[in-house]
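In what follows, a single structure is set out as structure tokens and then discussed.
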Amino acid sequence: MTSNVFISSTLKKTLSKISTEADFSLTQGAGQVISGLLKNSKRDFLAVLSGFEKNLELLEAALTDTQEAIAILEEAGGQTIRARNMAETQDFQQKFSEQIAQCADWYKRSLLKLDNHIRNSGDGKDINLLNGDALIIRFDLQDDSTLITQGINLTPLGLGIREPDFSNAHTIQNSRIDISNAIDLATTLKNMVSSDIATIKTRREFCEIAMSFLTQAQESLADGKTDLFTDDVLEQLFSESDLLNTDESLALDAQGDLLKVFKYQQDIRANL
Amino acid sequence: MALIIDLKPEEKILIGSAVITNDKQRTRLHISGDTPILREKDVMQEDEAVTPCKKVYFLIQCMYLARNPREYHPKYFELLRMIQAAIPSTAIFFARINANIVQGHYYKALREARDLIIHEEELLTASGVTLSDSAAP
Chain P
30 MTSNVFISST LKKTLSKIST EADFSLTQGA GQVISGLLKN SKRDFLAVLS GFEKNLELLE
90 AALTDTQEAI AILEEAGGQT IRARNMAETQ DFQQKFSEQI AQCADWYKRS LLKLDNHIRN
150 SGDGKDINLL NGDALIIRFD LQDDSTLITQ GINLTPLGLG IREPDFSNAH TIQNSRIDIS
210 NAIDLATTLK NMVSSDIATI KTRREFCEIA MSFLTQAQES LADGKTDLFT DDVLEQLFSE
270 SDLLNTDESL ALDAQGDLLK VFKYQQDIRA NL
Chain F
22 MALIIDLKPE EKILIGSAVI TNDKQRTRLH ISGDTPILRE KDVMQEDEAV TPCKKVYFLI
82 QCMYLARNPR EYHPKYFELL RMIQAAIPST AIFFARINAN IVQGHYYKAL REARDLIIHE
142 EELLTASGVT LSDSAAP
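As given, the protein sequences belong to chains P and F, one line each in that order. Counting with the working numbering, you get residues 30 to 301 for the letters of the first sequence. Counting with the working numbering, you get residues 22 to 158 for the letters of the second sequence.
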């Protein structure tokens, strides 16, 4: 064999799919051709990785800001509970009118604080998820794979919070309901952002490890390292890979069980 | 846009965490949403994963079916390291497989892994290596 790598028909097919610059009938130098293609893959991975960093920063800031927004809403919710308890009967309402008015004032202040907080959340950024903007994260350069985090407008207006009226228990209860609904929406946003952060972190980690393997392969192919398909090396590769599932299954319980169900149904059918 | 799948009589398909078996006639399914879908011909059982590259396929299949694919990454990369060290030409297959995994396109990654398996088979045939019974594909 003259090449430093083994040129199978599958490898030829794969190389011809991704490169037009090489004549793969020439076995000499195939390692260098692959090495060049790996360099391009690495460049693509790097570009995707840089996007991850910027977007992760934005998502993490949005998560903190959403938690803060929930805390403000809870403050406002606390005022509605206090006021409602003091307005349970007409007598109470008269007796505690000053305190109820104070609650209404605090409630309004909380909403103002929320409004300012949401507006400041987007400071210095193009995208403010707390104002209803959407963030699009790209997992490739062709935009074939994207993750869209759709923000929610958490301003009092966006949340549909009505003008407070603490004049009686019924209208106070309306404010209470508005705040509960608002907290639900803010929690939804918090969960979405958390989940997307986890997805990006997982893919970032995968991307980083994959890139390190690309670098290793690129270097070894450029150095003219050969595909080692002697009996010894392959025997060793097979036995090493067997060690991965000697003691335990390769599949975790959930996937292992699902595949067993698949096989079980296959076996039943075969016996019918 | 919905994915359209034609099932042969008695063909099975894995959708999400359910196994669906077709009855005795042909069926057309229209599937919308984002859930793992594997046809019978694409499903590999663990006892069939008897070569290093078939193990790669099996692990990608598990990642595809898992809620948290990250749990499979250590074993996957360990296998990748072993294979790539012995057969550097496989790096080009892994580059394509990994790009698809990063994009969340596990089905495409499985297709690329199938090419890796064929490459492995061709390599074994060409080299004339006879492996011990336990290790042979």
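Every residue, glycine too, gets a C-beta built ideally from N, C-alpha and C. Computed from a predicted structure; not experimentally measured.
Discussion item. Alpha carbons only, please: which of F/Tyr78, F/Val40, F/Asp68, F/Asp44 is nearest the one belonging to glutamate 277 of chain P?
Written reply: Sequence index remark: in the first sequence, residue 277 of chain P carries index 248 (1-based). That would be F/Asp68, whose Cα lies nearest to the Cα of glutamate 277 of chain P.
Item to complete: Please name the residue or residues paired with histidine 51 of chain F in a DSSP beta bridge.
Response: Numbered from its first residue, the second sequence carries residue 51 of chain F at position 30. Note: histidine 51 of chain F sits in a beta bridge opposite F/Ile25.
Worksheet item: Taking Cβ positions only, does glycine 308 of chain P come closer than 9 Å to chain F?
Response: Shown here, chain P extends from 30 to 301; a query on residue 308 of chain P therefore has no answer.
Discussion item. In whole angstroms, give me the CA-to-CA distance for leucine 158 of chain P and glutamine 179 of chain P.
Written reply: If you number the first sequence from 1, residue 158 of chain P lands on position 129. If you number the first sequence from 1, residue 179 of chain P lands on position 150. About 7 Å.
Worksheet entry | Rounded straight-line distance, which links the Cα of glutamate 97 of chain P to that of arginine 138 of chain P | For this step, residue 138 of chain P is matched to residue 109 along the first sequence. For this step, residue 97 of chain P is matched to residue 68 along the first sequence. Spanning the two alpha carbons is a distance of roughly 15 Å.
Discussion item. Using the three-state DSSP reduction, which class does leucine 170 of chain P fall into: helix, strand or coil?
Written reply: On the first sequence, residue 170 of chain P is found 141 positions in, with the first residue counted as 1. Here leucine 170 of chain P sits in coil by DSSP.
Item to complete: State the Cα-Cα distance for the pair histidine 126 of chain F and isoleucine 226 of chain P, rounded to the nearest angstrom.
Response: Residue 126 of chain F sits at position 105 when you count from the first residue of the second sequence. Residue 226 of chain P sits at position 197 when you count from the first residue of the first sequence. Each residue's alpha carbon lies about 19 Å from the other.
Discussion item. With three or more C-beta pairs closer than 8 Å as the rule, is the segment 240–255 of chain P touching the segment 95–111 of chain F?
Written reply: yes
Worksheet item: Buried or exposed: where does methionine 47 of chain F fall if 16 or more other Cβ atoms within 10 Å of its Cβ makes it buried?
Response: Walking along the second sequence from the start, residue 47 of chain F turns up at place 26. The amino acid at residue 47 of chain F is misidentified as methionine; the sequence shows arginine. Classification of arginine 47 of chain F: exposed, given that the 10 Å Cβ count is below 16.
Item to complete: Would you kindly work out how many angstroms separate the C-alpha atoms of leucine 218 of chain P and threonine 95 of chain P, rounded to a whole number?
Response: Residue numbering aside, residue 218 of chain P sits at position 189 when the first sequence is read from its first letter. Residue numbering aside, residue 95 of chain P sits at position 66 when the first sequence is read from its first letter. Each residue's Cα considered, the two are about 7 Å apart.
Item to complete: Give the DSSP-derived three-state secondary structure of lysine 33 of chain F in the structure shown.
Response: Counting from 1 along the second sequence, the entry for residue 33 of chain F is found at position 12. Lysine 33 of chain F: strand per DSSP, three-state reduction.
Item to complete: Could you tell me the distance, in whole angstroms, from the CA atom of isoleucine 166 of chain P to the CA atom of glutamate 237 of chain P?
Response: Position 137 of the first sequence holds residue 166 of chain P. Position 208 of the first sequence holds residue 237 of chain P. Straight-line Cα distance between these residues: approximately 17 Å.
Practice prompt. Return no unless some Cβ of chain F is closer than 9 Å to the Cβ of glycine 80 of chain P.
Written response: What you label residue 80 of chain P is simply residue 51 of the first sequence in a count that begins at 1. No, no contact with chain F.
Fill in: Partners in chain P for methionine 103 of chain F, counting only beta-carbon separations shorter than 7 Å
Within the second sequence, residue 103 of chain F is the residue found at index 82, counting from 1. By Cβ distance, chain P contributes Leu266, Glu269, Ser270.
Discussion item. Do leucine 263 of chain P and isoleucine 113 of chain F count as a contact pair if the criterion is CB distance below 9 Å?
Written reply: The residue you call residue 113 of chain F lines up with position 92 of the second sequence. The residue you call residue 263 of chain P lines up with position 234 of the first sequence. Not in contact: isoleucine 113 of chain F and leucine 263 of chain P (Cβ atoms no closer than 9 Å).
Worksheet item: For chain P, is any of its Cβ atoms less than 9 Å away from the one on serine 155 of chain F?
Response: Along the second sequence, read from residue 1 onward, the residue named residue 155 of chain F stands at position 134. Bear in mind that a pLDDT of 40 at serine 155 of chain F, under 50, signals an unreliable position, so the model cannot answer this.
Worksheet entry | Within 9 Å, strictly: CB atoms of alanine 215 of chain P and isoleucine 190 of chain P | Taking the first sequence and counting its residues from 1, one reaches residue 215 of chain P at position 186. Taking the first sequence and counting its residues from 1, one reaches residue 190 of chain P at position 161. Not a contact, by the Cβ cut-off of 9 Å.
Worksheet item: If you count every other CB in all the chains shown that lies within 10 Å of the CB of leucine 55 of chain P, and 16 or more means buried, which is it?
Response: For the purposes of this step, residue 55 of chain P is taken as residue 26 along the first sequence, with counting starting at 1. Only weak support exists for where leucine 55 of chain P lies, its pLDDT of 48 falling under 50; the value from the coordinates is given anyway. Exposed, since its Cβ has fewer than 16 Cβ neighbours within 10 Å.
Discussion item. I want to verify the contact list: residues of chain F whose CB lies under 9 Å from the CB of threonine 311 of chain P, in sequence order.
Written reply: Beyond the ends of chain P as shown, which are 30 and 301, falls residue 311 of chain P; an answer cannot be given.
Worksheet item: What span of residues does the beta strand (DSSP E) with alanine 39 of chain F cover, start to end?
Response: If you number the second sequence from 1, residue 39 of chain F lands on position 18. It spans 39–42 - the beta strand (DSSP E) in which alanine 39 of chain F sits, taken as one unbroken run.
Fill in: Simplified DSSP assignment, three categories, for alanine 133 of chain P
In the first sequence, residue 133 of chain P corresponds to position 104, counting from 1. Reduced to three states, the DSSP call for alanine 133 of chain P is helix.
Item to complete: Look up alanine 156 of chain F in the DSSP assignment and say whether it is helix, strand or coil.
Response: Start at 1 with the first residue of the second sequence, and residue 156 of chain F comes out as number 135. With a pLDDT of 42 at alanine 156 of chain F, under the threshold of 50, the modelled position of this residue cannot be trusted; read the value that follows with caution. Note: alanine 156 of chain F maps to coil in three-state DSSP.
Worksheet item: If you scan the segment 105–129 of chain F from start to end, which runs of the alpha helix (DSSP H) of 4 or more residues do you find wholly inside it?
Response: 112–123
Worksheet item: At a Cβ cut of 7 Å, what residues of the segment 121–141 of chain F count as close to chain P, listed as they run along the chain?
Response: Ile122, Val123, Gln124, Gly125, His126, Asp136, Ile139, His140
Discussion item. Pull the bridge partners of glutamine 58 of chain F from the DSSP assignment, please.
Written reply: One-based indexing of the second sequence puts residue 58 of chain F at position 37. First, the residue type needs correcting, since residue 58 of chain F is isoleucine and not glutamine in the sequence shown. Beta-bridge pairing links isoleucine 58 of chain F to F/Ile36.
Discussion item. Using a 10 Å radius around the Cβ and a threshold of 16 neighbouring Cβ atoms, would you call methionine 221 of chain P buried or exposed?
Written reply: Numbered from 1 along the first sequence, position 192 holds the residue referred to as residue 221 of chain P. So methionine 221 of chain P ends up on the buried side.
Worksheet item: Between the Cα of threonine 200 of chain P and the Cα atoms of P/Phe81, P/Thr109, P/Ser223, which residue gives the shortest distance?
Response: Taking the first residue of the first sequence as 1, we reach residue 200 of chain P at position 171. Ranking the options by Cα distance to threonine 200 of chain P, first place goes to P/Thr109.
Worksheet entry | Under the three-state DSSP convention, the category threonine 95 of chain P falls into | As a first step, residue 95 of chain P must be located in the first sequence, where it is residue number 66. The answer is helix: DSSP assigns threonine 95 of chain P an H, G or I state.
Discussion item. I want to know whether the segment 160–175 of chain P touches the segment 101–118 of chain P - three or more CB-CB distances under 8 Å.
Written reply: no
Item to complete: Give the single residue among F/Ile58, F/Lys29, F/Ala120 whose Cα lies nearest to the Cα of isoleucine 36 of chain F.
Response: Mapped onto the second sequence, residue 36 of chain F falls at position 15. Answer by Cα proximity: F/Ile58.
Discussion item. Less than 9 Å between CB atoms is the rule here; does serine 53 of chain F satisfy it with respect to chain P?
Written reply: Taking the first residue of the second sequence as 1, we reach residue 53 of chain F at position 32. Not closer than 9 Å to any Cβ of chain P, the Cβ of serine 53 of chain F fails to qualify, so no.
Worksheet item: Quick one: which chain P residues come within Cβ less than 8 Å of leucine 35 of chain F?
Response: Here residue 35 of chain F refers to the residue found at position 14 when the second sequence is read from its first residue. Within chain P, the residues near leucine 35 of chain F are Leu287, Phe291.
Worksheet entry | Residues in the segment 125–149 of chain P having any Cβ partner in chain F nearer than 8 Å | none
Worksheet item: Does any residue of chain P bring its CB to less than 9 Å from the CB of lysine 62 of chain F?
Response: Translated into the one-based positions of the second sequence, residue 62 of chain F becomes position 41. Not one chain P Cβ lies under 9 Å of lysine 62 of chain F.
Worksheet item: If you draw a straight line from the C-alpha of glycine 161 of chain P to the C-alpha of proline 90 of chain F, how long is it?
Response: The count along the first sequence starts at 1 and reaches residue 161 of chain P at position 132. The count along the second sequence starts at 1 and reaches residue 90 of chain F at position 69. Answer to the nearest angstrom: the Cα atoms are 30 Å apart.
Worksheet item: Can you name, in chain order, every residue of its own chain whose Cβ lies under 8 Å from the Cβ of isoleucine 118 of chain F, other than the five neighbours on each side?
Response: Stepping through the second sequence from its first residue, residue 118 of chain F is reached at position 97. Counting only Cβ-Cβ distances below 8 Å, and skipping sequence neighbours, we find Val77, Ile81, Ala130, Glu133, Ala134, Leu137.
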